[in-house]
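Below is one structure; the comments refer to it alone.
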Amino acid sequence: MLKLRYALGLLFLGIAAMTSDDASAQPAGFNYDEAKVPQYELPDPLTTNDGRPVSSAEMWTQ
Numbered sequence: 027m028l029k030l031r032y033a034l035g036l037l038f039l040g041i042a043a044m045t046s047d048d049a050s051a052q053p054a055g056f057n058y059d060e061a062k063v064p065q066y067e068l069p070d071p072l073t074t075n076d077g078r079p080v081s082s083a084e085m086w087t088q
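Structure follows, in structure tokens:
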């Protein structure tokens, strides 16, 4: 009886190990290749939303 439990446990672990690869694969619809990213431009961090340059630390935190 103990051998049967051991064999069933190993069988279960084997099946679980074989099927877990699919669950950890990269999901469809996500882009992991940077060459496929379209061109974009980051905003200047030292310019406010209205176009004025940031001239002080106080202005930066607002």
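Just so we're aligned, residue 27 is where the sequence shown starts under the working numbering, counting upward by one.
All C-beta atoms in this analysis are idealised placements derived from N, C-alpha and C, irrespective of residue type, glycine included.
Straight-line gap, Pro69 to Trp86 (C-alpha atoms, nearest Å): As a working note, residue 69 is residue 43 in the sequence shown. As a working note, residue 86 is residue 60 in the sequence shown. Those two C-alpha atoms are separated by around 14 Å.
Whole angstroms are fine: how far does the CA of Ala83 sit from the CA of Asp59? As a working note, residue 59 is residue 33 in the sequence shown. As a working note, residue 83 is residue 57 in the sequence shown. Approximately 37 Å, taken between the alpha carbons.
Start and end of the alpha helix (DSSP H) containing Thr74? For the purposes of this step, residue 74 is identified with residue 48 of the sequence shown, where counting begins at 1. Element bounds for Thr74: n/a, residue is neither H nor E.
How far does the alpha helix (DSSP H) with Met27 in it extend, from its first residue to its last? Position 1 of the sequence shown, counted from the first residue, corresponds to residue 27. Unbroken run through Met27: none, as it is neither H nor E.
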